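One structure is given below, encoded as structure tokens.
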Amino acid sequence: MIFRSEDARAITGGVDTHADTHVAAALDPVGGLLGVGEFPATVAGYAGLLSWLGGFGSVALVGIEGTVSYGAGLARHVAAAGIRVVEVDRADRQDRYRNGKSDPLDAVSAARAAQSGRAAGAPKGRDGAVEAIRALMVAKRSARNERTQANGQARSLLITGPDDLRARFARHPAAALAEAIAALRLRPGDAAEYAVRVALRELGRRVEFLDGQLERLDELIVPLVTARAPSLLSLHGVGPDTAALLLVAAGDHPERLRSEAAWAHLCGVAPIPASSGKVRRHGSIPAGTVRPIMPCGGSSSPG
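Heads up, the sequence shown is in the numbering used here, so the first residue is 1399 and it goes up one at a time.
Here is the structure:
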């Protein structure tokens, strides 16, 4: 618990997060470094970190690196204590060039970025409907990739396999192929042909299993997306997958998208000015325009 008083000085914290430990730095109201400490990445460690910061004064702001990964738990804990949390992308490059890479330096840099306003974005929420969608989409993405891989492996085996199998299944579409090869009967005889039949049957059964898994995941994802953003789904060309990716990119706090430029930056398509005062590079996107190349989240799969 952090206690505040009217005359307590406002403290800004910065945290460099890792899997096992977090390194924190404390700054006074004018940017003076008060101290650096290391704490375990556990609930007890989070409490210890806040208590340590509170020992210098009233904690007003904490900048945390990695709020979408190692710092997610700490960000939730600090926000629950009523302290403003901002998302810090990375340490200042100039500081790294001058002083090298170190955890204490990164923690101080995170605190300075928060205090100066250079880092001002709210971290993504990790406890709402969008987080539920994100978790389910992780499982769906891997299942879809594995299904594509299994289909490709079956096709390759047919190309190099026995002539009768190639002639029988070569023109089957993907959905029909999985069902057909999953029902293959094993025939004793040539060892190589027997092994090909076993492999094809197992790949077909794997695809059928993954199809069922994808259907079960969609039964959970589609209602969540529909309830969260029905107007997004009503847009032409936006299906459940695309809508889910856009929601995950924005997070549970859509106010993070303060402008069109902020959205473009989040999607990785923000225009970068050329050198020497130019605003265009050959083949680049003109400054001030937004042209997303693919849905946010790095997937080009259709919605």
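Every residue, glycine too, gets a C-beta built ideally from N, C-alpha and C.
Computed from a prediction, not measured in an experiment: that's the story for all the values here.
What does the alpha-carbon distance come out to for the pair residue i and residue j?
i: residue 1412; j: residue 1480; result: 16 Å
i: residue 1460; j: residue 1517; result: 10 Å
i: residue 1474; j: residue 1444; result: 10 Å
i: residue 1600; j: residue 1580; result: 7 Å
i: residue 1559; j: residue 1547; result: 18 Å
i: residue 1613; j: residue 1540; result: 14 Å
i: residue 1456; j: residue 1628; result: 42 Å
i: residue 1467; j: residue 1578; result: 42 Å
i: residue 1478; j: residue 1446; result: 15 Å
i: residue 1550; j: residue 1471; result: 39 Å
i: residue 1582; j: residue 1589; result: 16 Å
i: residue 1476; j: residue 1639; result: 32 Å
i: residue 1566; j: residue 1553; result: 12 Å
i: residue 1425; j: residue 1442; result: 23 Å
i: residue 1501; j: residue 1507; result: 10 Å
i: residue 1593; j: residue 1533; result: 37 Å
i: residue 1515; j: residue 1487; result: 13 Å
i: residue 1634; j: residue 1557; result: 39 Å
i: residue 1573; j: residue 1632; result: 29 Å
So, residue i versus residue j, is the Cβ gap smaller than 7 Å?
i: residue 1436; j: residue 1415; result: no
i: residue 1636; j: residue 1645; result: no
i: residue 1597; j: residue 1555; result: yes
i: residue 1530; j: residue 1622; result: yes
i: residue 1618; j: residue 1544; result: no
i: residue 1509; j: residue 1410; result: yes
i: residue 1438; j: residue 1407; result: no
i: residue 1512; j: residue 1421; result: no
i: residue 1606; j: residue 1576; result: yes
i: residue 1462; j: residue 1469; result: yes
Tell me residue i's beta-bridge partners as DSSP assigns them.
i: residue 1422; result: 1413, 1435
i: residue 1485; result: 1462
i: residue 1457; result: 1409
Am I right that residue i and residue j are in contact with their C-beta atoms under 8 Å? What's the rounded C-beta distance?
i: residue 1604; j: residue 1595; result: The pair is not a contact, with the Cβ atoms about 15 Å apart (cut-off 8 Å).
i: residue 1434; j: residue 1417; result: Contact doesn't hold; Cβ gap of about 19 Å is too wide.
i: residue 1431; j: residue 1454; result: Not a contact, Cβ separation roughly 11 Å.
Within its chain, find whatever has a CB closer than 6 Å to the CB of residue i; leave out the 5 residues flanking it on each side and keep chain order.
i: residue 1535; result: 1642
i: residue 1485; result: 1465, 1519, 1521
i: residue 1450; result: 1435
i: residue 1482; result: 1459
i: residue 1591; result: 1560
i: residue 1602; result: 1576, 1579, 1580
Can you list, in chain order, the residues of its chain whose CB lies under 7 Å from that of residue i, leaving out five sequence neighbours each side?
i: residue 1440; result: none
i: residue 1743; result: With the chain covering 1399 to 1701 only, the question about residue 1743 has no answer from this structure.
i: residue 1537; result: 1615
i: residue 1353; result: Nothing can be reported for residue 1353, as the shown portion of the chain is limited to 1399 through 1701.
Near residue i, which residues of its chain fall below 8 Å by C-beta distance, leaving aside the five closest residues on each side in sequence?
i: residue 1570; result: 1578
i: residue 1620; result: 1638
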